[in-house]
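Quick note on our numbering: the sequence shown kicks off at 17 and runs consecutively.
From the three backbone atoms N, C-alpha and C, an ideal C-beta is built for every residue, glycine too.
Computed from a predicted structure; not experimentally measured.
Working notes for the structure below.
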Amino acid sequence: MAMLTVKCFARYRALLGFSDLTVPAVPTLGDLLADPRFADLPKDALLAVNQSFVDRSAPLADGDEVALMPPVSGG
């Protein structure tokens with residue numbers, strides 16, 4: 017079975033209730049985020065696949081690593 021790894025960073029760990037999660041692969045990041053486990057993820061979350069920032073339309077493949085990160089600010 018094709019699988020993905022999802023990693024949550026910073027406050028998203030507490031918000032979503034996990035830091036690392038393995039899930040069955042789906043065609044796009046948007047499909048993954050439609051899963052009820054991600055319902056509390058804010059719309060402004062930074063999204064990355066295999067350490068590259070992407071949008072919700074990004075395709076996913078077996079073995080991909082998805083990262084969910086809060087927006088950052090600073091100077």
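### Message
Below 8 Å on the Cβ atoms is my contact criterion, and I expect T21 with E81 to pass it. Report the Cβ-Cβ distance as a whole number of Å.
### Response
Within the sequence shown, the letter at position 5 stands for residue 21. Within the sequence shown, the letter at position 65 stands for residue 81. Contact flag correct, Cβ pair sits at about 5 Å.
#### Entry: Cβ shell of D56 (< 7 Å), same chain only, five flanking positions each side left out
Taking the sequence shown and counting its residues from 1, the one referred to as residue 56 is at position 40. The beta carbon of D56 sits closer than 7 Å to the beta carbons of L31, L32 from its chain, once the five residues preceding and following it are set aside; these are given in chain order.
### Task
Could you tell me the boundaries of the alpha helix (DSSP H) in which L32 lies?
For this step, residue 32 is matched to residue 16 along the sequence shown. Here the alpha helix (DSSP H) through L32 covers 28-32.
### Runs of alpha helix (DSSP H) wholly within the stretch 36-75 (minimum 4 residues, chain order)
Contiguous alpha helix (DSSP H) elements confined to the stretch 36-75 occur at 45-49, taking only those with 4 or more residues.
### Query
Alpha carbon to alpha carbon, how far is M85 from T38?
For the purposes of this step, residue 85 is identified with residue 69 of the sequence shown, where counting begins at 1. For the purposes of this step, residue 38 is identified with residue 22 of the sequence shown, where counting begins at 1. Straight-line Cα distance between these residues: approximately 17 Å.
#### Entry: Limits of the unbroken beta strand (DSSP E) element including A138
Because the chain here runs from 17 to 91, residue 138 falls outside it and cannot be looked at.
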